[in-house]
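Plus 27 on top of the position in the sequence shown (first one is 1) and you've got this note's numbering.
By construction, the Cβ of each residue, glycine as well, lies at the ideal position given by its N, Cα and C atoms.
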Amino acid sequence: MGGGMGRGGGGMGRGRGGGGRQMEQEPVVVRWDSALPVKQALQRNMPKDTDASDGGKASAPADSYIISVTGLRAPHRRRNSDDNDNDSNGTNSAEDSQRRVKDELMISTRLIAKGRDPLSPSEVQLDSAGGTSEVRFIFPKKDPVSLDDKEVDFETRLGAAKVQAKFHPKDMKYKGKLEL
28 MGGGMGRGGG GMGRGRGGGG RQMEQEPVVV RWDSALPVKQ ALQRNMPKDT
78 DASDGGKASA PADSYIISVT GLRAPHRRRN SDDNDNDSNG TNSAEDSQRR
128 VKDELMISTR LIAKGRDPLS PSEVQLDSAG GTSEVRFIFP KKDPVSLDDK
178 EVDFETRLGA AKVQAKFHPK DMKYKGKLEL
């Protein structure tokens with residue numbers, strides 16, 4: 028898992044993935060999905076038969092920040108010959124693996140503005156439709172980001188992979204107003 032840069036204002040952060048072996052580098056893109064210009068762009072680019080209210084994605088509260096990471100891959104777990112597709116409780120191992128990934132991401136993810144307590148996600152949504160993997164992190168707006176914040180850092184870790192992105196609120200204004 029490795030490097031990749033998400034660039035630009037209006038919701039794209041400068042992202043960096045790390046960890047793993049150098050040969051396995053894949054691009055990682057970090058995007059502030061709840062930013063108004065990003066939401067509008069996602070709505071314009073979705074199929075006409077998709078619900079436009081959420082950009083075609085699973086719903087999140089309006090009073091939340093949504094940050095997505097595309098290209099983050101869960102570490103592959105080696106299967107023992109004793110492993111079955113279902114455990115003794117009848118739980119599908121893929122569902123169990125997805126739950127473990129969500130739990131790890133919930134614990135290791137933070138949104139940090141200097142001088143404030145870090146925000147932890149209230150929810151993590153995994154989506155691997157269309158051959159790409161996307162993780163959506165939902166953060167409560169309990170202490171809203173403002174233009175006074177010089178930089179907001181996003182950090183997450185999955186296995187040995189660490190992804191970091193920096194967002195600059197002054198670069199995320201839309202029509203003269205901060206729209207996150």
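Closest by CA to I165, which one among A188, V56, K129, L99?
The shortest C-alpha to C-alpha distance from I165 to any of A188, V56, K129, L99 is the one to K129.
Distance check for K197 and E178, CA to CA, integer angstroms please.
Rounded to whole angstroms, E178 to K197 spans 9 Å at the Cα level.
When you compare each of G186, L63, L207, L153 to E122 by their alpha carbons, which one comes out closest?
Of G186, L63, L207, L153, the residue nearest in Cα terms is L153.
My understanding is that V190 touches L99, with C-beta atoms under 8 Å, so please give their C-beta distance in whole angstroms.
V190 to L99, Cβ: 6 Å. Contact.
Going by DSSP, what residue range makes up the beta strand (DSSP E) through K193?
Segment 188-194, the beta strand (DSSP E) holding K193.
For a test of your reading of the model: does the CB of D60 fall under 7 Å from any non-hydrogen atom of the ligand MG? Yes or no.
Looking for the ligand MG in the displayed structure turns up nothing, as the structure carries no ligands at all.
Strand pairing of L146, partner residues [DSSP]:
Answer is L138, bridged to L146.
Would you kindly work out how many angstroms separate the C-alpha atoms of G186 and Q125, rounded to a whole number?
Each residue's Cα considered, the two are about 13 Å apart.
Do D175 and R143 have their C-beta atoms closer together than 8 Å?
Not in contact: D175 and R143 (Cβ atoms no closer than 8 Å).
Three-way DSSP call (helix, strand, coil) for P88 in this model
It is coil, neither helix nor strand.
Sort D180, K168, E206, P148 by Cα distance to K139 and report the nearest one.
According to the sequence shown, residue 139 is Ile rather than Lys. The shortest C-alpha separation from I139 is found at D180.
Residue(s) in a DSSP beta bridge with S155:
DSSP lists no partner for S155.
Helix, strand or coil for E178, going by three-state DSSP, please let me know.
Residue state, collapsed to three classes: coil.
Looking only at C-alpha atoms, which of K168, D90, A68, K66 sits nearest to P145?
Measuring C-alpha to C-alpha distances from P145 to each of K168, D90, A68, K66 identifies K168 as the nearest.
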